[in-house]
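Asks: One structure, as structure tokens, below. Some questions next.
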Amino acid sequence: MTTAHTGRRGIILAGGSGTRLYPLTKPVSKQLMPVYDKPMIYYPLSVLMLAGIREVMIITTPTDQPAFRALLGDGADWGMAFHYAIQPEPAGLAQAYHIGAEFVRDRPSTLILGDNIFYGHGLPELLASADARGGDGATVFGYSVSNPKDYGVVAFDAEGRAVSIEEKPAVPKSNFAVTGLYFYDGDAVRLAKDIKPSARGELEITDLKRLYLEAGRLHVELMGRGFAWRDPGTHASLLDAGLYVRIVEQRQGLKICCPEEIAWRQGFIDAEQLQRIAAPLRKSGYGAYLLRQLETAR
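Each residue of the sequence shown is one higher than the one before, counting from 981 in my numbering.
Written out as structure tokens, the structure reads:
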């Protein structure tokens, strides 16, 4: 079981219009689209849960918030507490720390993008390593990619401290892209208030990371071979993500990013509560899976 730093809060940024997925996203949020057998938002939510975080703010568009509330509720069924906030219009990822200022205050926090999917053996330990820094700066997660020119790229020293971050560099200083998962100490809200809108009028998350970088307080955790990181933003990448989840789940007989199972295994809920959750879903493969996990544990 992973234990979070005391008071760490989680934020899922699930706003935006998902225009690259039109017409699919005209009636529904991208983060509510299915990735094989689960809504997309289950995947980033599961990462926060694996980090031991139980209090989460979900930032949505005004139009989509009722659907998120209908899906997730207040979190009590999973032993968690969900808070909801509205992003009136997309104005940059760092805007999450303006919107969630009262929710986070001066606590450590973890921000994850609502369309990012992470999977791999050792993920809880990697999250625990970042969480253990608690009050010491920020941590980003580097993932080796074949086309670093298309990403934000981080370079780092032998101690895992970032030495540079560049957005879509013509000459990348490393092959490690920065993923959509960020751990911050209690200074994130204060520092985010000092960020000015970029040329495109947005509060850039890169500018927040750069403030930590310039202070020598930006750390890098590397996701090595065997880790999967996907951020499905196109029809092809959404299909690829779903096929990846299906192949792994069918082969192993274990689900990827199943919040109900994670809540139980993390000790957020007990076996009786998991039984109550699974019973109405018995006719679906999803409910049957949860019941099998209970049987296996007995």
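Where is the CB? At the ideal position from N, CA and C, for every residue including glycine. All of these numbers come straight from a predicted model, not from anything done at the bench.
Going by beta-carbon coordinates alone, are Ile1039 and Gln1067 separated by less than 8 Å?
Replies: yes
Asks: Going by Cα to Cα distance, which pick from Leu993, Arg1000, Ala1243, Ser1264 is closest to Gly1055?
Replies: Ala1243
Asks: Just the C-alpha distance for Val1084 and Leu1171, rounded to the nearest angstrom, thanks.
Replies: 13 Å
Asks: Please state if the CB of Ile1097 and the CB of Ile992 are separated by a distance shorter than 8 Å.
Replies: In this structure, Ile992 lies away from Ile1097, with their beta-carbon atoms at least 8 Å apart.
Asks: Could you give the first and the last residue of the continuous alpha helix (DSSP H) run that contains Trp1244?
Replies: Trp1244 -> alpha helix (DSSP H) spans 1239-1245.
Asks: If I follow the unbroken beta strand (DSSP E) through Ile1038, where does it start and stop?
Replies: 1035-1040
Asks: Got a sec, what are the start and stop residues for the alpha helix (DSSP H) Tyr1002 sits in?
Replies: Looking at the DSSP string, Tyr1002 is not in any alpha helix (DSSP H), and its letter there is neither H nor E.
Asks: Determine the DSSP secondary structure at Ala984, reduced to helix, strand or coil.
Replies: Note that Ala984 scores a pLDDT of 42, beneath 50, so its modelled location is shaky; the value from the coordinates is reported in the next line. Looking at Ala984 - three-state DSSP - the assignment turns out to be coil, as it is neither helix nor strand.
Asks: Within 10 angstroms of its Cβ, does Tyr1269 collect 16 or more other Cβ (buried), or is it exposed?
Replies: buried
Asks: Going by the beta-carbon positions, is the gap between Met1029 and Met1020 smaller than 8 Å?
Replies: no
Asks: Quick check on DSSP: helix, strand or coil for Met1203?
Replies: strand
Asks: For the stretch 1041-1053 and the stretch 1107-1118, state whether three or more C-beta atom pairs, one from each stretch, are separated by less than 8 Å.
Replies: no
Asks: So who's on the other strand from Val1120, going by DSSP bridges?
Replies: According to DSSP, Val1120 shares a beta bridge with Tyr1162, Val1200.
Asks: Going by the CB atoms, is the gap between Val1036 and Leu1025 shorter than 8 Å?
Replies: Contact: yes.
Asks: Please report the distance separating the alpha-carbon of Ala1074 from that of Leu1191.
Replies: A straight line joining the alpha-carbon of Ala1074 with that of Leu1191 spans about 12 Å.
Asks: Among the residues of its own chain, which have a CB less than 8 Å from the CB of Pro1239, if the five just before and after it don't count?
Replies: Tyr1022, Leu1025, Ser1026, Met1029, Trp1058
Asks: For Ser1026, does the three-state DSSP call read helix, strand or coil?
Replies: helix
Asks: I'd like the span of the alpha helix (DSSP H) that includes Tyr1077, first residue to last.
Replies: 1076-1079
Asks: By Cβ distance, which residues of its chain are closer than 8 Å to Asp1086, with the 5 residues on each side in sequence left out?
Replies: Gly1166, Asp1167, Val1169, Arg1170
Asks: Please classify Ile992: does DSSP put it in a helix, a strand, or coil?
Replies: strand
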